[in-house]
Amino acid sequence: MRFPLKALIFALNSAIPELVFASESALYDRYDELLSRYVSESGVDYAEWKANEADVEELDEILAGFSSVDYRELEDAEATAFLINLYNAAVIREVLTHYPFESIRYLGLLPFSIFRLPAISLNGEFISLDTLEKKILLPEYGDPRIHFAINCASISCPPLREESFRGDRLEDQLQEQTIRFANSPEAADVLEGEAVTAFSKIFEWYDADFPGTNPASYLNSFRSDPLPTENEIRWIEYNWDLNDAS
């Protein structure tokens, strides 16, 4: 029996998202194995990872697989999860390339050049980490909790999650990441004996991404111990030293 051409085209087009999702899911499973092996609450064991050539090659293969995914074909949650995973995996690969070193800030000829030079293959283009974060991920998907899911390989950065982000679990994962960071001293510190609260510079650098004018109001939605909202606001010095658990 001949299959009508229009019906065949419709069937193939309908299958594309499922095929893409299956491809991502397999990549995430492989990525999870690496994260569970080398990531802990104290950071990333870069020395051990770099010493294992097979696992470095595995990360390269995962990134190559990511480069074949068109995030624009995905639902918003799937696309957000994919782009977060791409960012974090690309940062790890940059660290492994240059390791050992003390701070990601000083890799390259100029401070922070690692974030500004093309390092990621996405939709047939090589783009920088900054482009992925500031021109695609944050403006297109607009959830401020993304700030607590991406990791810049630095001590003051919200911690790297020990598993990949998944579209069907993204809401819970973003919530967990935000609660984890919001309750840490890296997010906010009430200075003893002073009517002052010092906040992560994330809230200064990306103030337009967060509702309101006081970071305490935002963080209190996630904290077990609410912060005073009337205190003077200061900023915690950002520690760009490598989040190295080696």
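Okay, so the sequence shown: first residue is 1 according to UniProt numbering, each after it adds one.
C-beta: ideal position from N, C-alpha, C; glycine also.
Predicted model, so just to flag it, every value in this text is computed and none were measured.
>> Using the three-state DSSP reduction, which class does L242 fall into: helix, strand or coil?
In response: strand
> Residue range of the beta strand (DSSP E) that S42 falls in?
Replying inline: First-last for S42: undefined, no H or E at that position.
>> Which residues does DSSP list as the beta-bridge partners of S103?
In response: D241.
> Looking at L219 and A188, is the spacing between their C-beta atoms short of 8 Å?
Replying inline: yes
> In the DSSP assignment, what are the bridge partners of P118?
Replying inline: S128
>> Going by DSSP, what residue range makes up the alpha helix (DSSP H) through R93?
In response: 76-98
>> I need the boundaries of the alpha helix (DSSP H) containing I62, first residue and last residue.
In response: I62 -> alpha helix (DSSP H) spans 53-67.
> Expressed to the nearest angstrom, what Euclidean distance is found between the alpha-carbon atoms of R234 and E140?
Replying inline: 30 Å
>> Given this structure, state the Cα-to-Cα distance separating E41 from L35, to the nearest angstrom.
In response: 12 Å
> Does the beta-carbon distance from E171 to I150 come in below 8 Å?
Replying inline: In terms of Cβ geometry, E171 and I150 do not form a close pair [threshold 8 Å].
> Can you tell which of A81, P118, E186 has the C-alpha that lies nearest to the C-alpha of F137?
Replying inline: Reading off the sequence, residue 137 comes out as Leu, not Phe. Of the candidates A81, P118, E186, the one whose C-alpha sits nearest the C-alpha of L137 is A81.
> DSSP three-state call for I236: helix, strand or coil?
Replying inline: coil
>> Taking only three categories from DSSP, how would you classify S156?
In response: coil
>> Only counting the same chain, and skipping five residues up and downstream in sequence, which positions put a Cβ closer than 6 Å to that of S164?
In response: Y28, Y31, D32, N85
>> Counting beta carbon pairs with one atom in the region 56-67 and one in the region 200-215, are three or more of them shorter than 8 Å?
In response: By the Cβ rule, the region 200-215 does not count as touching the region 56-67, because fewer than three pairs are nearer than 8 Å.
>> So, at 8 Å on beta carbons, what are the nonlocal neighbours of N243 in its own chain, with the 5 sequence-adjacent residues on each side left out?
In response: Only G43, V44, N151, A153, S154, I155, C157, P159, L160 meet the Cβ criterion.
> Per DSSP, what kind of secondary structure is F222 in: helix, strand or coil?
Replying inline: coil
>> Applying the 10 Å Cβ sphere with the 16-neighbour rule, what's the burial state of T97?
In response: exposed
> Are there 16 or more other CB atoms within 10 angstroms of the CB of N214, so buried, or fewer, so exposed?
Replying inline: buried
> Is the Cβ-Cβ distance between S221 and N183 less than 8 Å?
Replying inline: No. Outside cutoff.
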